[in-house]
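Okay, so here's the structure we're looking at.
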Amino acid sequence: MSAGPAVAPDRRRHVVLTSTESDSHTWNLVFLQLVLEELGYLVTNLGACVPDQVLVAECLSPPPDLIVISSVNGHGYNDGMRVIPLLRSRPELATVPIVIGGKLGIGGAADADHPAALLRAGFDAVFADDGGVELFRSYVRELPARAAA
Amino acid sequence: MTLDTLGAGGPPCATGPAAGAGDLSGIGRGFGAFVARAKAAGRLVVQPRMGMGSPRLMREGLLATRRADATTVGTITIDSYTRVGNHAAARRALADGIDLNGYPIVGHDTAVTRAVLHGVQDDSFPVQVRHGSATPQQIFAALVAAGLDATEGGPVSYCLPYSRTPLRESVANWVQCCELLATLAQTGAEPHLETFGGCMMGQLCPPGLLVAISVLEAMFFRQHGVRSISLSYAQQTDPEQDAEAVRALQRLAAELLPDTDRHVVIYTYMGLYPRTPAGARDLLVAAARLAVRCGAERLIVKTEAEAHRIPTIAENVAALELAAATAAGEPRGGGPVGDTGVYAEARALVQAVLELDADLGRALVRAFDRGYLDVPYCLHPDNAGRSRSYIDSAGRLRWAEIGAMPIGHVVGASRPRRVTAADLLGALSHVESKYDRAALGRPAAAHLPAHDRVRCADGGEMAEHDD
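Structure below.
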């Protein structure tokens, strides 16, 4: 990511906010857009049912400071595991924070293992089910400090 | 696959008709005729939102719905992969043993779906496919091949909130699907199509726009040859406003769809659902009362599990039976309903669209392009996105901004309000909070559960859009 002198000091940090290919829900995205804007981010909201290729293309033009995947249809784990290698395989996105949250499974016993598997696969944080938006806000607030460290 | 491999030992009703539906097996085929017979018998038809990936479970669910102590129709809700046309992903999930959030009707062989339905679906127990697709051609082909003839959706209602498909393409897709469904009439069937337009975004869409889109989609279906149609309306925030909206829907439908077999279907609240079992039940009871009070013919129920996960078959049956028992105890068509302008607002919207083009598909595309129809909080690129709604202090859904919609003379001037994340979450969880607080016997507190609900600020539902 460019950090040269051309970057204005008040440049707003940019986030790509997205659902997954199979997820048609958007209230989560409408809400998270407001949360992120209130945290000072410029939000590109990709809306419902974002195909993998569209997501990757949007995340490359140009690479954002943060990628947030929100899914609530119960396929988030499955979709997240498929999408994360596509994103991480692009050199421009190797170090961009990528997080996922929502209702990631349909409630079976296997759901308990999902967060650990998603982290292993390359997500920087997983906000599963009942974690709450305050955790997400805290994580986003601390990002600039982490990036500088 | 055969019936045996589905674990079904034969027709379920060998010893007699299903409870609740048996004496409605008179003449007249199809979904619309069944609902008409129930209405004549003074009964509300109740229906689950149910879909499982496994054919065996799907059949069990349909059987349990049929056997419920209620006048029921069956539902096959399609999974999210099939809805977006990713049939390979659905088949892969089936092969890998990953749970799907609905029945992959394209991924399963026609013979499998026929086996699921064999001995379950008949004139006394019609089954409807619910899907949520803006590109539904393969879903329509699969349901027709399996011997089904009732489904739902619409060119607007399954495009704008739930897809990235351009509206123009969705309209073309739905023209094809209506025409395919209409051809079934040649076989002696009476295919049925339900609008989903009364549910835009699941919540926070003011009733006038819901009524208008529901009527416009019904007219679109009729223009493309479908003669048996239901018009949906989803329960919103206030029972009086909802009753007014349902009456407006009935009145407009009577004016604009005179030569059509039609009925009204109420959806139990499609937004963020109460988390307490008692709150969830109370909201369903309110929906059943709304349906009966307004003379609506059918109700889609929700369960106690709605806020937490996809419900079990038993939870669905419990919800069907609670709704049926509530309806049985209510006077039909009771009481006067006020007029705060919902009919006038819906009429103005419909009229403005009809004046754009004689072809309803083209008229709808132009209407959204010009912002004459503008769904609040809808992110689709073809939606103008200038309208905003809010819940007023009396609990009614109102316009904060109308954009270019031609309803200024009805709703009057309103002051644009900046909506914060907290405001939005408060509005999204208004109904849930109200019913949960009442159930818990707690005093009112502003925006009570807001901050831990980001996970499903979508409407809390999974199997069907919903949202």
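Just so you know, the sequences run in chain order A and B.
Residue numbers 6 to 154, in my numbering, belong to the letters of the first sequence in order.
Residue numbers 97 to 563, in my numbering, belong to the letters of the second sequence in order.
We treat Cβ as the ideally placed atom computed from N, Cα and C, and that holds for glycine.
- Between Ile-103 (chain A) and Asp-129 (chain A) the beta-carbon gap is near 6 Å, inside 8 Å, which marks them as a contact.
- Look at the stretch 514-527 of chain B: the residues with a C-beta under 8 Å from a C-beta of chain A are Val-515, Thr-516, Ala-517, Leu-520, Leu-521, Leu-524.
- Around Thr-49 (chain A), no beta-carbon contact reaches into chain B at under 7 Å, the shortest distance being about 11 Å.
- Cβ-Cβ distances below 8 Å link Leu-475 (chain B) to Gly-481 in the same chain, with the five nearest sequence neighbours on each side left out; the list follows chain order.
- In the structure shown, the three-state DSSP call for Val-223 (chain B) is strand.
- Within the stretch 476-525 of chain B, the complete beta strand (DSSP E) segments at least 3 residues long are 484-487, 493-497, listed from N- to C-terminus.
- Excluding sequence positions up to five before and after Ala-339 (chain B), its CB lies within less than 7 Å of the CB of Leu-386, Arg-389, Cys-390, Val-433, all in the same chain and listed in chain order.
- Taking a beta-carbon distance threshold of 8 Å, Pro-222 (chain B) does not count as an interface residue toward chain A.
- Within the stretch 270-342 of chain B, the runs of alpha helix (DSSP H) that reach at least 4 residues and sit entirely inside it are, in chain order, 303-319.
- Cys-54 (chain A) sits close to Val-180 (chain B), with the two beta carbons spaced by under 8 Å.
- Of A:Val-20, A:Gly-107, A:Gln-58, the smallest CA-CA separation from Gly-81 (chain A) is found for A:Gly-107.
- Secondary structure of Val-361 (chain B) (DSSP, three-state): strand.
- Around Pro-262 (chain B), the same chain offers Asp-478 as residues with beta carbons nearer than 7 Å, after the five sequence neighbours per side are excluded.
- Check the Cα spacing between Gly-499 (chain B) and each of B:Met-148, B:Gly-467, B:Arg-533, B:Asp-453: the tightest is with B:Gly-467.
- Counting of Cβ neighbours within 10 angstroms places Gly-430 (chain B) among the exposed residues, the total staying below 16.
- Residues Pro-502, Ile-503, Val-506 of the same chain have their beta carbon placed closer than 7 Å to that of Ala-444 (chain B), with the five preceding and five following residues left out of the count.
- Scanning its chain for C-beta atoms nearer than 6 Å, with the 5 sequence neighbours on each side dropped, one finds around Lys-135 (chain B) the residues Glu-393, in chain order.
- When rounded, the separation of the alpha-carbon atoms in Ser-266 (chain B) and Glu-147 (chain A) is 42 Å.
- Between Leu-345 (chain B) and Thr-364 (chain B), the gap from beta carbon to beta carbon reaches 8 Å or more.
- Contact between the stretch 417-425 of chain B and the stretch 136-147 of chain B is present: 3 or more CB-CB pairs across the two stretches fall below 8 Å.
- By the 16-neighbour rule on beta-carbons within 10 angstroms, Leu-239 (chain B) is buried.
- Restricted to the stretch 184-242 of chain B, the alpha helix (DSSP H) segments that are unbroken, complete and at least 4 residues in length are 206-213, 233-241, listed in chain order.
- At a cut-off of 8 Å between beta-carbon atoms, Thr-31 (chain A) makes contact with chain B.
- Pairing Ala-383 (chain B) with Leu-395 (chain B) gives a Cβ-Cβ distance under 8 Å.
- Here Gly-249 (chain B) is bridged, per DSSP, to B:Thr-291.
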